[in-house]
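**Q**
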Amino acid sequence: MDHFQYRNGELSAESVPLARIAAEVGTPFYCYASATLERHYRVFAAAFEGLDAMVCYSVKANGNLAIIGTLARLGAGADVVSGGELKRAIAAGVPPDKIVFSGVGKSREELAAALTAGIMQINVESDAELELLSETAQRLRTNAPTAIRINPNVDAKTHAKITTGKGENKFGIDWRRAREVYRRAAGLPGIEIVGIAVHIGSQLTELEPYKEAYGRMRELVLALKADGHAIQRLDLGGGLGVPYASENDERPIPPPAKYGALVKESLGDLECRFILEPGRLIVGNAGVLVTRVLYVKEGESRTFVIVDAAMNDLIRPALYNAYHAIVPVQEPRPGTETLDVEVVGPICETGDTFGKNHRLPALHSGDLLAIRTAGAYGAVMASTYNGRPLVPEVLAKDDSFAVVRRRVSVEDAMQWESIPSWLDPQAKPKRKALT
Ligand code: LLP
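This is the structure:
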């Protein structure tokens, strides 16, 4: 359930008509609903009631300060994967002792920044990283609160590009090596073992892969505890999927309560604190990308609706063949005939499409459309490809809204660049005359 519903014939974010925002900020823009963020956070957290559990929102899904800030105020911690996300989480008000840092390629500087900030936990993903962390902690005269991320070799049954827990993936340390690596870690100066971590993939639509992975984790936790390691925390990652299509044409995704029940059942007696890292589930359906129809064009075999948003703004359809529902902002009258169209952007690639076979009422230049479920992995994956500005992000609350990232204009983007002196006609030549 989200808070983008038709009110008086107008698709609205909470009580704010999207057309009103479009008139004020221009299109395209992302719009998020505070109430949906809050609802998803609460529903997810409630699924773990009775367990000592902590929800660390996965900042990679949407790193806007206003989104992180909304969740931080509800008590969320943060899962970060770079020094940049760490800065964002802290700036948005997440206490460092609620931050966990994952990722296969943390640099020396990033590890040092995490230790200096005093974050809760660093999830180490390789032997080489473990060594660098030990060295960095010693240099900073501190101890690194460390968990090892395990690769349980489980198929998450999701898109290949977002599967992370199979043996062939770059993530984590092979589960069969866990005891050996923990033994090594325990002997390294500056390393303080606090837990263990796993994350098998994203947009999971079944619980079975979790069950398999958590069964393996259970055995490992018991073995590691028996080996004398202080496994106080069990970080279970994120990944629970969200519905992208309309309610009636997709298999139901297990609700958070079922996932919570599975965690309790498979791991609840381990006397660990649980860390959960949901991203998409919190923010996916809390956002839409609003775009305006530029042209309707009859192609040879289909009708193209050319809109002002493009793959640089929302790359998921182009990158993962992801389906996002598209709806008109103006509510169609009951019984309005729909047509089969392909919604495309202005970028010079055939891959710049928001999907074929979308059924929409007859559209005209100037009409507004909302691309749904765009709150996660939308704005954060945007680029300026084709010289396009980064679109604004707007957060709605009740009957008001705020621009939480302004449009990053082409002029702004050009300021990041510079002309080398040999191309600058204004620069005086510094070399002597050749005569
Ligand atoms: N924890 C770790 C260690 C992760 O790698 C991820 C996502 C999460 C948590 C959050 O997963 P979520 O709950 O959001 O599924 N760009 C892709 C998704 C990439 C996910 C990467 N890791 C997409 O648009 O589908």
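Per this note's numbering, the sequence shown starts with residue 112, numbered consecutively. Don't be surprised by glycine CBs; every beta carbon is placed ideally from N, CA and C.
If the criterion is Cβ atoms closer than 8 Å, does the pair residue 459 and residue 497 meet it?
**A** Closer than 8 Å, so yes.
**Q** For residue 486 and residue 537, I'd like the C-alpha separation in whole angstroms.
**A** Approximately 45 Å between the Cα atoms of the pair.
**Q** For residue 116, which beta-bridge partners are listed by DSSP?
**A** In the DSSP output, where bridge partners are listed per residue, residue 116 has 123.
**Q** Just to confirm my understanding: we take residue 328, look at its own chain, exclude 5 residues before and 5 after, and list those with CB closer than 6 Å. What are they?
**A** Hits under 6 Å: 309.
**Q** Do residue 431 and the ligand LLP come close, with the Cβ less than 7 Å from some heavy atom?
**A** Yes, the ligand LLP has a heavy atom inside 7 Å of this Cβ.
**Q** Could you name the residues that DSSP lists as bridge partners for residue 345?
**A** DSSP lists 307 and 385 as partners of residue 345.
**Q** If we count the other Cβ atoms within 10 Å of its Cβ and call it buried at 16 or more, is residue 469 buried or exposed?
**A** With 16 or more other Cβ atoms within 10 Å, it is buried.
**Q** Out of curiosity, what's the CA-to-CA distance linking residue 527 and residue 334?
**A** About 52 Å.
**Q** Which residues mark the beginning and the end of the alpha helix (DSSP H) in which residue 178 is found?
**A** Counting along the chain, the alpha helix (DSSP H) containing residue 178 begins and ends at 176-184.
**Q** Less than 7 Å between the CB of residue 180 and some heavy atom of the ligand LLP, yes or no?
**A** No, Cβ of residue 180 sits at least 7 Å from all heavy atoms of the ligand LLP.
**Q** Is residue 275 a contact residue of the ligand MG, with contact defined as CB to any heavy atom under 7 Å?
**A** This structure does not include the ligand MG; its bound ligands are the ligand LLP.
**Q** When we look at the beta-carbon of residue 209 and count the other beta-carbons within 10 Å, is it buried (16 or more) or exposed?
**A** The residue in question, residue 209, is buried, as its Cβ has 16 or more Cβ neighbours within 10 Å.
**Q** With residue 452 and residue 138 assumed to form a contact (beta carbons below 8 Å), what rounded beta-carbon distance in angstroms separates them?
**A** Going by Cβ atoms, the distance from residue 452 to residue 138 rounds to 18 Å, so no, they are not a contact pair.
**Q** So the beta strand (DSSP E) residue 402 belongs to, where does it begin and stop?
**A** Per DSSP, residue 402 belongs to the beta strand (DSSP E) from 398-409.
**Q** Between residue 289 and residue 398, what straight-line distance do the alpha-carbon atoms span, to the nearest angstrom?
**A** If I take the Cα positions, the gap works out to 39 Å.
**Q** Can you tell me where the alpha helix (DSSP H) holding residue 414 begins and where it ends?
**A** Not the alpha helix (DSSP H): residue 414 falls in the beta strand (DSSP E), residues 414-418.
**Q** Given that a residue counts as buried once 16 or more other Cβ atoms are within 10 Å of its Cβ, and exposed if not, what is residue 286?
**A** Classification of residue 286: buried, given that the 10 Å Cβ count is 16 or more.
**Q** Just tell me which of 246, 324, 284 and 251 has its CA closest to the CA of residue 298.
**A** If we check each option's Cα against that of residue 298, 246 comes out closest.
**Q** Starting from residue 451, trace the alpha helix (DSSP H) in both directions and tell me its first and last residue.
**A** Careful: residue 451 lies outside any alpha helix (DSSP H), inside the beta strand (DSSP E) at 449-455.
**Q** Does the Cβ of residue 263 have 16 or more other Cβ atoms within 10 Å, making it buried, or fewer, making it exposed?
**A** Buried.
**Q** Can you tell me where the alpha helix (DSSP H) holding residue 145 begins and where it ends?
**A** Unbroken alpha helix (DSSP H) run through residue 145: 145-157.
**Q** Is the region 184-193 touching the region 160-170 in the sense that three or more CB pairs, one from each, lie closer than 8 Å?
**A** With a cut-off of 8 Å, the region 184-193 and the region 160-170 count as touching, because enough Cβ pairs lie within range.
**Q** Taking one C-beta from the region 200-207 and one from the region 242-262 each time, how about it: are there three or more such pairs within less than 8 Å?
**A** No contact exists between the region 200-207 and the region 242-262.
**Q** Quick one: Cα of residue 364 to Cα of residue 370, how far?
**A** Taking the straight line joining both Cα atoms gives about 10 Å.
**Q** With a floor of 3 residues, list each beta strand (DSSP E) that falls wholly inside the region 454-522, ordered by position along the chain.
**A** You should have 469-472, 479-482, 504-508 and 511-516.
**Q** Following the continuous alpha helix (DSSP H) through residue 265, name the residue where it begins and the one where it ends.
**A** Run containing residue 265: none; DSSP gives neither H nor E here.
**Q** Are the CB atoms of residue 515 and residue 505 nearer to each other than 8 Å?
**A** Against a cut-off of 8 Å, the Cβ pair of residue 505 and residue 515 comes out as a contact.
**Q** Can you tell me whether residue 355 is helix, strand or coil according to DSSP?
**A** Three-state DSSP puts residue 355 in coil, outside helix and strand.
**Q** Contact check, residue 439 vs residue 471 under 8 Å by CB: the rounded distance?
**A** With 8 Å as the limit, residue 439 and residue 471 qualify as a contact, their Cβ atoms being about 6 Å apart.
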